[in-house]
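One structure is given here, and the rest of the page talks about it.
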């Protein structure tokens, strides 16, 4: 007899029963989110929206990528992915499609990435990827991506479970799971999905095992492995396309709270296994499709098709025999699974949050995880979308033909990009809006620039736009006017002392609030960091210079001439520097307000760079570095940020101060020659030696 977990007469009574069950095993508070593995953040990239939801205890559902790349043709695969995401979002759940992109594990994809993935299967750019393939595709994907085409690892149920758990996701929706192949008692052809279900604590919501498999032996293996398995509102285990198989289900789940309570009880017992929830497919065409499958199974045997080639062959052949009914039924069952998965994810989240101090989840570490990643440099600052509009012939009060260009900007973002392109893998702290602009900035930093972000380093604000700046230029490139929407920058998060332990250099731009910057600098000092500041602008430089405590924490400042004079005057108690050319005096005075051993790297435009340094008990020293001649300056936007980032990278490589300045100037030359971006992509080709 199947075990029946019947729903109560009301939701409240079900909740009460669930809590009573949980309290038998629980004593302490449940953390809302904690990554379940020590995969380096440079290897796994979580979409900011997903990371933000996890950190706030909001429900997230993982989705596999094999069904998109290999499960059905384009554009049906892309449309299904969009429909499933819509179903989840309408129920308050954040979707997280999992894949491997150019060797990097991805949890959550942007819309353009999803479309690229949907095309990748037919274009031969997607490798089917189970758990055994994860380390292989992480290497081959990087190598193949050098051909300038995006390479994908399309994750199976097993690999998706593994990465979902690594990211802290408890619920995963798919089409069907693998199992024991027919004749598996002789061939030992058993899907890795079953192995992963036995050791990875994720609720898998599917339409049951694929109907081409040996269902009864699959259930026997799941029982042997100790995997809680049940059917949604039925006593009969489904046959994927058909709700009827003639096989009794090990258990029955009549509501999402039953599943959630069982899952949490499993965790609290210290069990490391997952759960399989099978949802019957009630699509009318399912029975016809099931009959066609049995016929095609005989065809595959005659053609001696084996292993991973069986499923694609059967799906194609059945689609031909059923006139597309199989595809429509497959799409229908995935959507049904998404509806149920969303309910389960919401219930798990609800039980965790409402359980308060009565619940405790035992976190099971992943197997064979890599050592934790520790970056040597952290950047804190603004991420901005810069838009420049240049009129061909400017006439006020009317529309003007011209040129409009958008690019990623923000001083902190620019510096992080440079450091990342040079190979030092900075962790970047910033704030963005819950919009495509913000998600795009973070994705490009991670995918193209080698910058690391974490769930705690990127604040996503639902009520604010990602910071934007619009500059309107006339036909002579003079600024006519501009609009700055920078409210999001007031929300930039600050790294804690614990997050800064082991970090050598903490780089701040002046976009966060003065109070936040002071806190960051103090945390850096406690953690043993050297603290660097890019003043960003004259008004911001003036504001920060009023804090003696903040200045005393700084080891490096990267001002231009105007910012230097402003900082010296504002911190000088009435001494006048602004309007003078006494740069040396201003630098000497500012050094006296900084840390015991400190340096100011002053950019002077065409006159080059002045390095002002102070050691304990010694007078300041100055060294001038003339600028090399440049045939044509295409854009000076980003040159100072490039110098700063390259200087910091050189320091991390053991460079002396003068060597770091020269390397920074060399990198800045590349940005002077680049008009499309604030930071020239050519910086990636530089090597400090």
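Residue numbers (the numbering used here): 8 to 696.
Backbone N, C-alpha and C define an ideal beta-carbon position, used for all residues, glycine too.
Just so you know, these numbers come straight off a predicted model, no measurement behind them.
| said: Contact between the segment 535-542 and the segment 562-569 is defined here as three or more beta-carbon pairs at a separation below 8 Å; is this criterion met? | reply: Verdict: yes, contact present.
| Contact set for residue 590: own chain, Cβ-Cβ below 6 Å, skip 5 residues either direction | Here residue 590 corresponds to residue number 583 of the chain shown, with the count starting at 1. Nothing meets the Cβ criterion.
| Straight-line gap, residue 382 to residue 235 (C-alpha atoms, nearest Å) | The residue you call residue 382 lines up with position 375 of the chain shown. The residue you call residue 235 lines up with position 228 of the chain shown. Spanning the alpha carbons of residue 382 and residue 235 requires a straight line of approximately 40 Å.
| field | Spatial distance of residue 456 from residue 434 (CA atoms) | value | Counting from one through the chain shown, the residue named residue 456 turns up at place 449. Counting from one through the chain shown, the residue named residue 434 turns up at place 427. Straight-line measurement puts the Cα of residue 434 at about 12 Å from the Cα of residue 456.
| query | Looking only at its own chain, which residues have a Cβ that is under 6 Å from the Cβ of residue 488, when we skip the five neighbours before and after it? | reply | As a working mapping, residue 488 is identified with position 481 in the chain shown. Taking C-beta separations shorter than 6 Å and ignoring five residues to either side along the sequence, the partners of residue 488 in its chain run 479, following chain order.
| said: DSSP three-state label for residue 549, please. | reply: For the purposes of this step, residue 549 is identified with residue 542 of the chain shown, where counting begins at 1. Here residue 549 sits in helix by DSSP.
| query | Are the beta-carbon atoms belonging to residue 61 and residue 102 less than 8 Å from one another? | reply | Your numbering for residue 61 matches position 54 in the chain shown. Your numbering for residue 102 matches position 95 in the chain shown. In this structure, residue 102 does not lie closer than 8 Å to residue 61 by Cβ.
| task | Could you tell me how far apart the beta carbons of residue 100 and residue 352 are, in whole angstroms, since I believe they sit closer than 8 Å? | result | Walking along the chain shown from the start, residue 100 turns up at place 93. Walking along the chain shown from the start, residue 352 turns up at place 345. With a contact defined as Cβ atoms closer than 8 Å, residue 100 and residue 352 qualify at about 5 Å.
| Assigned secondary structure, residue 466 (DSSP; H/G/I helix, E/B strand, else coil) | Translated into positions along the chain shown, residue 466 becomes position 459. Strand, per DSSP.
| Residue(s) in a DSSP beta bridge with residue 605 | Position 598 of the chain shown, counted from the first residue, corresponds to residue 605. Under DSSP, residue 605 shares a beta bridge with 621.
| Would DSSP call residue 684 helix, strand or coil? | Counting from 1 along the chain shown, the entry for residue 684 is found at position 677. Here residue 684 sits in coil by DSSP.
| Helix, strand or coil: how does DSSP classify residue 59 here? | Here the question's residue 59 lines up with position 52 in the chain shown. In this structure, DSSP gives residue 59 a helical state, which the three-state scheme calls helix.
| query | Going by DSSP, which residues form a beta bridge with residue 184? | reply | Counting from 1 along the chain shown, the entry for residue 184 is found at position 177. In the DSSP output, where bridge partners are listed per residue, residue 184 has 216.
| said: Please state the DSSP three-state secondary structure of residue 543. | reply: Position 536 of the chain shown, counting from 1, holds the residue named residue 543. For residue 543, the three-state secondary structure derived from DSSP is coil.
| message | I'd like to know if the segment 657-665 and the segment 622-629 are in contact, where contact means that at least 3 CB-CB pairs between them fall below 8 Å. | response | Taking a contact to require three or more Cβ pairs closer than 8 Å, the segment 657-665 and the segment 622-629 do not qualify as touching.
| Limits of the unbroken beta strand (DSSP E) element including residue 395 | Counted from its first residue, the chain shown places residue 395 at position 388. Membership of residue 395 in the beta strand (DSSP E) is indicated by the continuous run 391-398.
| query | Are the CB atoms of residue 222 and residue 244 nearer to each other than 8 Å? | reply | What you label residue 222 is simply residue 215 of the chain shown in a count that begins at 1. What you label residue 244 is simply residue 237 of the chain shown in a count that begins at 1. A contact, by the Cβ cut-off of 8 Å.
| request: Check the C-beta distance from residue 340 over to residue 182 and give it rounded, since I have them as a contact under 8 Å. | output: For this step, residue 340 is matched to residue 333 along the chain shown. For this step, residue 182 is matched to residue 175 along the chain shown. Contact between residue 340 and residue 182 holds: their C-beta atoms lie close to 6 Å from each other, under 8 Å.
| request: Report yes if the CB atom of residue 684 is closer than 8 Å to the CB atom of residue 414, and no otherwise. | output: Locating residue 684 in the chain shown gives position 677, where the first residue counts as 1. Locating residue 414 in the chain shown gives position 407, where the first residue counts as 1. Closer than 8 Å, so yes.
| task | Give me whichever residues DSSP pairs with residue 413 in a beta bridge. | result | Taking the first residue of the chain shown as 1, we reach residue 413 at position 406. In DSSP, residue 413 forms a bridge with 394.
| message | Quick check on the burial criterion: 16 or more other C-beta atoms within 10 angstroms. Buried or exposed for residue 305? | response | Here residue 305 refers to the residue found at position 298 of the chain shown. Flag for residue 305 reads exposed.
| From residue 467 to residue 416, what distance separates their C-alpha atoms? | Residue mapping note: residue 467 aligns to position 460 of the chain shown, counting from 1. Residue mapping note: residue 416 aligns to position 409 of the chain shown, counting from 1. In this structure, the CA atom of residue 467 is about 17 Å from the CA atom of residue 416.
| Mind checking residue 86: buried by the 16 CB within 10 Å criterion, or exposed? | Working through the chain shown from its first residue, we reach residue 86 at position 79. Residue 86 comes out exposed.
| said: Rounding to the nearest angstrom, what Cα-Cα distance links residue 82 and residue 125 in this structure? | reply: For the purposes of this step, residue 82 is identified with residue 75 of the chain shown, where counting begins at 1. For the purposes of this step, residue 125 is identified with residue 118 of the chain shown, where counting begins at 1. Taking the straight line from one Cα to the other gives about 7 Å.
| said: One question on the structure: do residue 594 and residue 608 come within less than 8 Å of each other, judged by their Cβ atoms? | reply: Translated into the one-based positions of the chain shown, residue 594 becomes position 587. Translated into the one-based positions of the chain shown, residue 608 becomes position 601. It is not a contact, given that the beta carbons lie outside the stated cut-off.
| query | When DSSP labels each residue in this structure, what does residue 516 get in the three-state scheme? | reply | Within the chain shown, numbered from 1, the residue matching residue 516 stands at position 509. Of the three classes helix, strand and coil, the one that applies to residue 516 here is strand, per DSSP.
| said: Restricting to Cα atoms, I'd like to know which of 138, 265, 280, 335 is closest to residue 291. | reply: Residue 291 sits at position 284 when you count from the first residue of the chain shown. The shortest CA-to-CA distance from residue 291 to any of 138, 265, 280, 335 is the one to 335.
| request: Could you tell me whether the Cβ atoms of residue 358 and residue 267 are closer together than 8 Å? | output: Translated into the one-based positions of the chain shown, residue 358 becomes position 351. Translated into the one-based positions of the chain shown, residue 267 becomes position 260. Going by C-beta atoms, residue 358 is nearer than 8 Å to residue 267.
| task | Taking 8 Å as the threshold, find out whether the segment 244-255 comes into contact with the segment 270-277 through three or more Cβ pairs. | result | Counting Cβ pairs under 8 Å, fewer than three are found: no touch.
| Which ranges does the beta strand (DSSP E) cover as unbroken runs of at least 3 residues, wholly within the segment 281-366, from first to last along the chain? | Runs of the beta strand (DSSP E) inside the segment 281-366: 282-285.
| What whole-angstrom Cβ distance do residue 441 and residue 56 have, given they're in contact under 8 Å? | The residue you call residue 441 lines up with position 434 of the chain shown. The residue you call residue 56 lines up with position 49 of the chain shown. Cβ-Cβ separation between residue 441 and residue 56: approximately 7 Å, consistent with a contact (criterion under 8 Å).
| field | Buried or exposed (CB count within 10 angstroms, at least 16 for buried), residue 448 | value | For the purposes of this step, residue 448 is identified with residue 441 of the chain shown, where counting begins at 1. Buried, by the Cβ-count rule.
| Ordered along the chain, which non-local residues of its own chain (more than five positions away) have a Cβ less than 7 Å from that of residue 73? | The residue you call residue 73 lines up with position 66 of the chain shown. Cβ neighbours of residue 73 beyond the five flanking positions: 135, 161, 162, 163.
| request: List the whole-angstrom C-beta distance separating residue 108 from residue 157, where the pair is believed to meet the contact cut-off of C-beta under 8 Å. | output: Here the question's residue 108 lines up with position 101 in the chain shown. Here the question's residue 157 lines up with position 150 in the chain shown. That belief holds up - the Cβ atoms of residue 108 and residue 157 are roughly 6 Å apart, short of 8 Å.
| query | What first and last residue would you give for the beta strand (DSSP E) that runs through residue 248? | reply | Numbered from 1 along the chain shown, position 241 holds the residue referred to as residue 248. Neither: residue 248 is in no beta strand (DSSP E) and is coded neither H nor E.
| query | Should residue 515 and residue 388 be called a contact, given that it needs their Cβ atoms to be closer than 8 Å? | reply | Numbered from 1 along the chain shown, position 508 holds the residue referred to as residue 515. Numbered from 1 along the chain shown, position 381 holds the residue referred to as residue 388. Yes, the Cβ-Cβ distance between residue 515 and residue 388 is below 8 Å.
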